[in-house]
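Let me begin by presenting the structure, written as structure tokens, before commenting on it.
Residue numbers (our numbering), protein chains in the order written: chain A, 1 to 405; chain B, 1001 to 1405.
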């Protein structure tokens, strides 16, 4: 008997009808002879509605209280899924993150999983139950509820799959899998049959919203195959795993884009050791995640330092950086929230040349100005004006003949 | 420094504006130099909405899952109250029933409190926090969430007050206190300044919805004064306590009525030992609460047995009773859901006569037929047709001159 972990996203459980549909899919997996653990998200817009309520009561709601508030959304869905399964004649039980043994640190609103003690989950599986676990949440040593932040329920699912030794972790959502380019921008786009963890990680980090990089990383670490598929139809979905041949292909596999970018430039920074740390240390402490960092070549011991953050963190990041910039003698500290990113990704790009040149040429022909460039072994990212991102995705898709893949 | 426990009902926390109002009242109690523990109910219609959702997914939702589902309502309010207090500059923390140490048996949907282990509550009070506890819920030995059933949040409040040695338990609601007669039926009705536990218990049991008898009993047991008052104005409310002189008054103090009555009559029951037990044992096991029981005088070893249950339990009770009735040789088993009850209550009625006669005469003059009569030392209850209850309350109010109290 194999153990399957399934996670259903918010749109998949948006109302009673959707929940019944999901219950039927879970029942089918059980009927196929599997043990099933399900990770439930909050219904549709529940989380946004709870946040709106909190905002009515406090300008800056306390993170501990906000976590307890938001954690109720996933608990509600879990109980409803269990009830739907009961009414179909299947034994099922809902567990909160706490009951499922998901132990986290006490960084409210973006807690990290320290360990999973799945005793209760195992006990309920042995009793023959389908176990429904409330996603996105855990509990501290002091028994206080935490939430896991961005990508939380995906992370719950992959972490549970790892700790239970599951055969596969299935992420059900409202799209048919992982696309090589955004299908809203390129209508002929199609989901990939499979993708390597590394490529998925780049794709997730550089714009594809379908899965959070954090959950992909965890899947790679514990070697858990992750299937991304739609809960609304029977399309096969995309399998993310480590067995995809990396060397034999020689192409750009996918194009990612991202509009959630805020840029900060600290102008006239002395080029000496410790300067970067003095800026990025306090940002990390403030919980602001920094993405791309670029430092220009030093001219007479003075350089400019540019980096990007989530657009929603931009104002707060400026508050942190401004006094530090003044202290280290920077002449100016500027922010820009009109930018976007476009990336080409493919393991086939490793150790081969010409991709960067073709990318820059293609953009230049369309008069798209590149503000920043960063690369990894299997990715090239250009930061450009936000209102040119759509066009950039289309022309790159054509230039690299992604559809012929 | 005194410790005050305050409980706010659903209408008192129905929306963000109400919650802010409640937060101001809590802050004032804290400013007056008290330690404050607050028990929060679910917002407005939340509980009904969650039940409606459950009903869409299952004809008979599992009690364990339903308890987990419903418990989220009180958790949500608790966090919002804490946030509202924070934004006013008051330290506050929300705790679930589990975190507040409310240990119950595992009778889902109507669990009984076994004990309270308020270590965490005490620790947070010592830190200077206002402690907001989610009402209506507890946790079993297996760490499963339970709800306390009818009167649950009142019971949480009084039980916490008892275990913390509070000076007073304040129940805030949408009425100005305990009335001697329903003000919707008798406009000149006014709230009582004080009332003895015993009288309140009869009043609560026989129709006054303002407080559940279970919480009143607990208050009496631990001698916790309970103030019932409005959260919407500054009226003084009604103090329920044990210090009210019981003997010096000689009057009917209040009139209660109740429309939530289902009657079952088992006709032609053999009058021999063990028959009552054979009927009421299985009802108790099915969790059906039986109220009034009347057995007529035996004629040739055959009697009729009549009893009342909550109207919502009537169908289920008939299912339990019918096969038993057939087994013991009853000729017929009938139910009636068109009845109501009216009661006169007053400790002044103890050991005095004439009250029953005056009550029966008054009803008879208005051609109100009495189906069943039951009495306690300080109460007389008549079961009558539901559509005559309003009139009965009015004429009894006049006959016993309640308004002159």
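Where a beta carbon is used, it is the ideal one built from N, C-alpha and C, also for glycine.
Remember, predicted model here, so these are calculated numbers, not experimental data.
query	result
Beta carbon proximity, residue 1278 of chain B to chain A, threshold 8 Å	no
Endpoints, the alpha helix (DSSP H) within which residue 1060 of chain B is located	Looking at the DSSP string, residue 1060 of chain B is not in any alpha helix (DSSP H), and its letter there is neither H nor E.
Continuous beta strand (DSSP E) assignments of at least 3 residues falling wholly in the stretch 321-367 of chain A	332-345
Beta bridge counterpart(s) of residue 375 of chain A as assigned by DSSP	A:380
Collapsed DSSP secondary structure at residue 1120 of chain B in the structure displayed	helix
8 Å Cβ cutoff, residue 1137 of chain B in contact with chain A	no
Where residue 268 of chain A sits in the DSSP three-state scheme	strand
Alpha-carbon to alpha-carbon, residue 32 of chain A and residue 130 of chain A	13 Å
is_contact[residue 1056 of chain B, chain A] using C-beta, thresh 8 Å	yes
Whole-angstrom distance between residue 1135 of chain B and residue 1097 of chain B, CA atom to CA atom	7 Å
Residues in the stretch 1037-1048 of chain B having any Cβ partner in chain A nearer than 8 Å	none
Near-chain A residues of the stretch 1114-1130 of chain B - C-beta to any C-beta below 9 Å	1120
Where residue 1191 of chain B sits in the DSSP three-state scheme	strand
Same chain, Cβ closer than 7 Å to residue 1208 of chain B, five either side skipped, listed in chain order	1178, 1256
Interfacial residues, the stretch 1078-1108 of chain B to chain A, with Cβ spacing under 7 Å	1079, 1080, 1082, 1083, 1084, 1086, 1087, 1094, 1099
Buried/exposed call for residue 180 of chain A, threshold 16 Cβ in 10 Å	buried
Contacting positions in the stretch 14-26 of chain A - beta carbon closer than 9 Å to chain B	15, 16, 17, 19, 20, 23
CB contact check: residue 1183 of chain B to chain A, cutoff 8 Å	no
Which residues DSSP lists as bridging residue 1103 of chain B, in chain order	B:1115, B:1139
Same chain only: Cβ atoms within 8 Å of residue 393 of chain A, ignoring 5 sequence neighbours per side	181, 182, 185, 186, 255, 257, 342
Residue interval of the alpha helix (DSSP H) (run including residue 1026 of chain B)	1016-1031
Enclosing beta strand (DSSP E) for residue 1241 of chain B [first to last residue]	1238-1241
Own chain partners of residue 1372 of chain B with C-beta closer than 7 Å, once the 5 adjacent residues on each side are dropped	1292, 1294, 1306, 1383
Pairwise C-alpha distance: residue 142 of chain A and residue 108 of chain A	13 Å
DSSP bridge partner residues for residue 1086 of chain B (one or two, in chain order)	Residue 1086 of chain B is not bridged to any residue.
Residue 1327 of chain B burial status per 10 Å Cβ neighbour count (16 or more: buried)	exposed
Distance, residue 49 of chain A Cα to residue 1078 of chain B Cα	16 Å
Identified DSSP bridge partners for residue 96 of chain A	The partner list for residue 96 of chain A (beta bridge, DSSP) is empty, contrary to what the question assumes.
Integer-rounded CB distance, given that residue 75 of chain A should sit under 8 Å from residue 1267 of chain B	That pair is no contact at about 48 Å.
DSSP-derived helix/strand/coil call for residue 1385 of chain B	strand
Exposed unless 16 or more other CB atoms sit within 10 angstroms - verdict on residue 161 of chain A	buried
Within 9 Å of chain B by C-beta, residues of the stretch 141-163 of chain A in sequence order	142, 143, 144, 145
Cβ-based neighbour list, residue 322 of chain A, same chain, cut-off 6 Å, excluding 5 preceding and 5 following	333
Straight-line Cα distance separating residue 389 of chain A from residue 1139 of chain B	53 Å
Buried/exposed call for residue 1001 of chain B, threshold 16 Cβ in 10 Å	exposed
For residue 71 of chain A and residue 118 of chain A, believed in contact at Cβ under 8 Å, the rounded distance	Not really, about 19 Å apart at Cβ, beyond 8 Å.
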